[in-house]
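Trainee: The listed protein sequences correspond, in order, to chains W and X.
The numbering of the first sequence is my numbering, which starts it at 8 and goes up by one.
The numbering of the second sequence is my numbering, which starts it at 502 and goes up by one.
Quick reminder that beta carbons are idealized off the backbone N, C-alpha and C, glycines included.
It should be emphasised that the depicted structure is a prediction, and the values quoted were computed from it without experimental measurement.
Got a structure for you, written out below as structure tokens; questions coming shortly.
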Amino acid sequence: MKRKVSSKIKKVSNLKYDRKMADEPFEWWGPSPDEARRTMSNKAKGMRDKCMPLKEAVGRYVRDGINIGIGGFVNTRVPVAIVHEIIRHGARNLTLSFQSNSICAELLAGAMILDPERVSIRRVELAWWGYEVIGIAPLLRYLTSNGMIRLDDYTNYGMSARFKAAAMGIPFIPTRDHGGSDMELVNRGQMVECPFTDKNVYLVPACHPDLGIVHVTAADIYGNSRIFGAHCTCPEISMAAAHTIVTAERIIPNENIRTYPNLTEIPYATVDALVEQPYGAYPGASYGFYWFDMDHIKMFRGICDEFRKTGKKDGLKKYYDEYIFGCETFDDFLSKVGYKKLRQLRDMDGGQPIILS
Amino acid sequence: MPEYTPFEMIAYTGSRVLEDEKIVFVGTGLPIIASMHAQLTHAPGLSMIFESGPLSPILEMGMPLSVGDTRACRKACFLKGLSAVFELTQRGYSDYAFIGGAQIDMYGNVCSTFEGGTYNAPQTRFPGSGGAGAMAANCEKSIIIMALEKRRFTEKVEFLTSIGFGDGSADYREKAGVTGAGPYRVITNQALFGFDEKTRRMVLLEVLPGKKAQDIQDMVSFDLLISPDLKEMAEPTAEDLRLLREVCDPEGYFLNRKVK
């Protein structure tokens with residue numbers, strides 16, 4: 008197998024890079040596969056009640072310098088409650104890993120802009136960061152154009168495959184994308200010649216976050232989790248991560264899990280802390296419970312865009328003081344959003360069918 | 502002919518390009534609308550696949566506002582996550598990639614990563630590849646929506662995010678390790694483009710009624726090939742517009758946007 012072959016990508020585009028990432032020695036941006044394996048083999052695997060307050064879960068697993076794998080997809084089942092608590096707790100020098108995200112990444116970026124001594128992002132391995140129909144992510148644009156964070160770009164499949172490789176316990180996975188694009192020149196993947204076909208194939212490294220943060224439809228107290236609607240990459244992230252915090256819309260009896268074990272997407276052994284948090288993805292959507300709150304996302308995005316254009320932090324500070332630092336828990340935040348809005352979002356979900364029994 | 506907006510023309514043309522009995526991997530916005538219109542008209546057997554996980558949903562709750570919208574999952578036949586749908590695509594189950602982007606070159610390479618500056622300190626950073634890079638690599642044919650402007654139809658893209666025919670060499674995609682055949686159509690509101698089989702360069706296939714090939718060339722930075730069989734683009738009928746406005750995008754999220 009030939010290492011370091013390449014496609015014919017060079018000079019097809021005008022890409023200029025001030026740093027040749029592909030030529031740098033390879034480095035894991037979180038636990039190596041061996042370290043991730045050791046963490047898992049050292050864990051107690053008993054079925055124990057993992058429910059705890061979110062504050063305790065975040066206090067236990069969040070520390071400076073870790074890689075946080077963020078679940079959901081854009082505005083769907085995004086772990087916003089956990090992100091709020093991480094911001095209150097503080098965590099510096101973070102690496103973030105996700106396929107596509109909106110509000111979670113922007114919330115952490117806003118916290119960094121307000122007080123880098125509390126929260127800071129060092130680098131992000133990702134496929135996409137934005138709000139889709141609502142617009143571009145202003146804080147991504149601010150941090151990148153000022154060279155304040157380092158990005159490592161993959162496709163949505165690339166990031167999903169990287170979590171999947173980690174979940175499978177293998178150090179890399181071949182993919183049929185990235186090759187022939189400039190991602191081949193800038194990301195940490197590697198083109199090789201396949202030992203069986205003798206043709207080029209692109210390998211991406213496994214991605215083991217130190218901490219996976221995931222919001223699910225329902226779980227039992229041990230962490231066995233069901234996900235309805237799109238799974239996104241949540242099962243893979245939970246299994247890839249050294250530790251995983253799960254928030255669930257609903258805690259259901261273990262009896263229900265055992266009745267339909269096929270419905271379990273995340274097995275208990277991969278979950279370290281569990282929090283029942285209704286509306287835990289708000290202002291994102293959670294299939295079967297509520298649709299996303301376009302007004303709130305537009306409002307927050309507008310505040311961020313105002314900062315990007317003027318450099319004034321007043322609006323941003325007001326949002327965080329009101330909705331994050333002015334709240335002891337995520338329920339306090341939801342109280343500020345108000346029952347009427349939550350009720351309206353529940354109606355807009357339209358009663359998508361889920362199975363809790 | 503009834504009046505229509507540029508976005509309605511793009512959606513209608515997108516619909517025309519899609520064949521029946523195929524699977525189309527859709528991006529947010531106009532690709533979803535075009536696919537819904539095709540299903541309602543000439544392609545009832547067309548299925549959509551969305552990158553968050555669903556295959557062949559029935560979009561009875563209305564147009565999903567994004568490919569991650571929970572409404573895209575409604576009454577799907579198969580619903581897992583990103584890995585599953587992209588693996589189906591690698592395996593060859595997705596006939597069309599339907600994407601957009603910020604810049605395109607004559608070989609159908611698309612940029613959606615950044616503009617200006619360098620990779621590590623870009624002037625304008627875009628959201629990134631998302632699914633587009635994987636779709637352009639591994640769906641059989643890529644359909645790309647682009648605004649017809651000189652700065653977008655460019656000699657060289659600033660960052661090659663979604664693979665087309667690369668430098669135009671015959672083995673570019675093979676050396677890249679991708680599986681799909683590559684760019685198929687580029688849709689704008691004033692012209693429809695395809696790609697020449699021999700040179701893999703962009704070919705002007707159709708123009709808006711009243712426009713000439715030179716009008717289109719004037720809005721493109723590279724030399725276009727012109728089809729010897731250059732046609733006029735078909736325009737949407739009153740019934741097509743009713744479907745687009747009342748069924749596909751009744752709130753006007755994508756069809757009523759202002760052209761910049």
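Please check if any C-beta of chain W sits within less than 9 Å of the C-beta of X/Ser630.
Mentor: Against the second sequence, residue 630 of chain X aligns to sequence position 129. With 9 Å as the cut-off, X/Ser630 counts as an interface residue toward chain W.
Trainee: To the nearest angstrom, how far is the alpha carbon of W/Asn296 from that of W/Arg353?
Mentor: For this step, residue 296 of chain W is matched to residue 289 along the first sequence. For this step, residue 353 of chain W is matched to residue 346 along the first sequence. Note on residue identity: the sequence assigns Phe, not Asn, to residue 296 of chain W. Those two C-alpha atoms are separated by around 6 Å.
Trainee: Taking 9 Å as the CB-CB limit, is X/Pro555 close to chain W?
Mentor: Within the second sequence, residue 555 of chain X is the residue found at index 54, counting from 1. Yes, because at least one Cβ of chain W sits closer than 9 Å to the Cβ of X/Pro555.
Trainee: Who pairs with W/Leu101 in a beta bridge, going by DSSP?
Mentor: Translated into positions along the first sequence, residue 101 of chain W becomes position 94. DSSP output for W/Leu101 lists W/Ile128 as bridge partner(s).
Trainee: Which residue from W/Gly322, W/Tyr267, W/Tyr229 and W/Pro242 puts its Cα closest to that of W/Ala51?
Mentor: Taking the first sequence and counting its residues from 1, the one referred to as residue 51 of chain W is at position 44. It is W/Tyr229.
Trainee: Out of W/Gly165, W/Arg157 and W/Phe33, which has the shortest C-alpha to C-alpha gap to W/Thr182?
Mentor: Here residue 182 of chain W is taken as the residue at index 175 of the first sequence, counted from 1. Nearest C-alpha to W/Thr182: W/Gly165.
Trainee: Strictly below 8 Å CB to CB, what residues from chain X border W/Ala292?
Mentor: Sequence index remark: in the first sequence, residue 292 of chain W carries index 285 (1-based). Result: Asp570 and Thr571.
Trainee: Consult DSSP for X/Asp724 and reduce its assignment to one of helix, strand or coil.
Mentor: Taking the second sequence and counting its residues from 1, one reaches residue 724 of chain X at position 223. It is coil, neither helix nor strand.
Trainee: Of all the CB atoms in chain X, is at least one closer than 9 Å to the CB of W/Asp321?
Mentor: Taking the first residue of the first sequence as 1, we reach residue 321 of chain W at position 314. So, not an interface residue.
Trainee: Is the beta carbon of X/Leu726 less than 9 Å from the beta carbon of X/Asp697?
Mentor: Here the question's residue 726 of chain X lines up with position 225 in the second sequence. Here the question's residue 697 of chain X lines up with position 196 in the second sequence. The answer is yes: Cβ separation under 9 Å.
Trainee: Check X/Ser548 in the structure and name its three-state DSSP category.
Mentor: Position 47 of the second sequence, counted from the start, is the residue given in the question as residue 548 of chain X. Residue state, collapsed to three classes: strand.
Trainee: Is the Cβ of W/Gln106 closer than 9 Å to any Cβ of chain X?
Mentor: Numbered from 1 along the first sequence, position 99 holds the residue referred to as residue 106 of chain W. Judged by the 9 Å Cβ criterion, W/Gln106 is in contact with chain X.
Trainee: With DSSP as the reference, please indicate the residues paired to W/His250 in a beta bridge.
Mentor: In the first sequence, residue 250 of chain W corresponds to position 243, counting from 1. BP columns for W/His250 point to W/Leu218.
Trainee: Quick check: what's the CA-CA separation for W/Arg152 versus W/Glu113?
Mentor: In the first sequence, counting from the first residue as 1, residue 152 of chain W sits at position 145. In the first sequence, counting from the first residue as 1, residue 113 of chain W sits at position 106. The sequence shown places Ser at residue 152 of chain W, rather than the Arg named in the question. Approximately 15 Å, taken between the alpha carbons.
Trainee: DSSP state of X/Ser663, grouped into three classes?
Mentor: For the purposes of this step, residue 663 of chain X is taken as residue 162 along the second sequence, with counting starting at 1. Looking at X/Ser663 - three-state DSSP - the assignment turns out to be strand.
Trainee: Measuring CB atoms only, is the region 186 to 205 of chain W touching the region 268 to 275 of chain W, in the sense that at least three cross pairs come out at less than 8 Å?
Mentor: No contact exists between the region 186 to 205 of chain W and the region 268 to 275 of chain W.
Trainee: Please confirm whether X/Gly695 and X/Ile600 have their CB atoms less than 9 Å apart.
Mentor: For the purposes of this step, residue 695 of chain X is taken as the residue at position 194 of the second sequence. For the purposes of this step, residue 600 of chain X is taken as the residue at position 99 of the second sequence. Not in contact: X/Gly695 and X/Ile600 (Cβ atoms no closer than 9 Å).
Trainee: What does the Cβ neighbour count give for X/His543, buried or exposed, with the cut at 16 atoms within 10 Å?
Mentor: Counting from one through the second sequence, the residue named residue 543 of chain X turns up at place 42. Per the 10 Å Cβ criterion, exposed.
Trainee: Any heavy atom of the ligand GTP closer than 8 Å to the beta-carbon of X/Asn639?
Mentor: Questions concerning the ligand GTP fall outside what the structure shown contains, since it holds no ligand whatsoever.
Trainee: Going by the DSSP bridge assignment, what does X/Tyr597 pair with across the sheet?
Mentor: The residue labelled residue 597 of chain X in the question sits at position 96 within the second sequence. X/Tyr597 is bridged to X/Val525 and X/Lys642.
Trainee: If you scan the region 683 to 759 of chain X from start to end, which runs of the alpha helix (DSSP H) of 4 or more residues do you find wholly inside it?
Mentor: Entirely contained in the region 683 to 759 of chain X, the alpha helix (DSSP H) runs reaching 4 residues are, in chain order, 714 to 718 and 739 to 743.
Trainee: What residue does the alpha helix (DSSP H) around W/Pro202 start on, and which one ends it?
Mentor: Translated into the one-based positions of the first sequence, residue 202 of chain W becomes position 195. Unbroken run through W/Pro202: none, as it is neither H nor E.
Trainee: Consider the Cβ of X/Val679: report whether some Cβ of chain W lies at a distance smaller than 9 Å.
Mentor: Taking the first residue of the second sequence as position 1, residue 679 of chain X is located at position 178. Closer than 9 Å: yes.
Trainee: Hey, X/Glu659 and X/Cys612 are a contact pair by Cβ (cut 8 Å); roughly how many whole angstroms apart?
Mentor: Reading the second sequence from its first residue, position 158 is the one you call residue 659 of chain X. Reading the second sequence from its first residue, position 111 is the one you call residue 612 of chain X. Right, the Cβ-Cβ distance comes to about 5 Å (below 8 Å), so this counts as a contact.
Trainee: Just checking: is the beta-carbon of X/Pro684 within a distance shorter than 9 Å of some beta-carbon in chain W?
Mentor: For the purposes of this step, residue 684 of chain X is taken as the residue at position 183 of the second sequence. Cβ-Cβ to chain W under 9 Å: no for X/Pro684.
Trainee: Using a C-beta to C-beta distance shorter than 9 Å, which residues of chain X count as neighbours of W/Glu243?
Mentor: Against the first sequence, residue 243 of chain W aligns to sequence position 236. Simply Gly582, Leu583 and Ser584.
Trainee: Could you run through the region 654 to 667 of chain X and flag, in chain order, every residue whose CB is less than 8 Å away from some CB of chain W?
Mentor: Answer set for the region 654 to 667 of chain X: Lys657, Val658, Glu659, Phe660, Leu661, Thr662, Ser663, Ile664 and Gly667.
Trainee: Under the three-state reduction of DSSP, which class applies to W/Phe144: helix, strand or coil?
Mentor: Here residue 144 of chain W is taken as the residue at index 137 of the first sequence, counted from 1. It is worth fixing the name first, because residue 144 of chain W is Ala in this sequence and not Phe. The answer is coil: DSSP assigns W/Ala144 none of H, G, I, E or B.
Trainee: Only counting the same chain, and skipping five residues up and downstream in sequence, which positions put a Cβ closer than 6 Å to that of W/Met119?
Mentor: Reading the first sequence from its first residue, position 112 is the one you call residue 119 of chain W. The answer, listed in chain order, is Val126, Ser127 and Ile128.
Trainee: Would you call the region 624 to 632 of chain X in contact with the region 666 to 681 of chain X, where contact means no fewer than 3 C-beta pairs closer than 8 Å?
Mentor: These segments do not touch.
Trainee: With 16 as the cutoff for other CB atoms within 10 Å, does X/Arg743 come out buried or exposed?
Mentor: Indexing the second sequence from 1 puts residue 743 of chain X at position 242. With fewer than 16 other Cβ atoms within 10 Å, it is exposed.
Trainee: Do three or more CB pairs link the region 309 to 319 of chain W to the region 92 to 108 of chain W at distances below 8 Å?
Mentor: They do not touch, by the three-pair rule.
Trainee: Name the chain W residues whose beta carbon is nearer than 8 Å to that of X/Gly593?
Mentor: Position 92 of the second sequence, counting from 1, holds the residue named residue 593 of chain X. Under the 8 Å cutoff, chain W gives no residues; its nearest Cβ is about 10 Å from X/Gly593.
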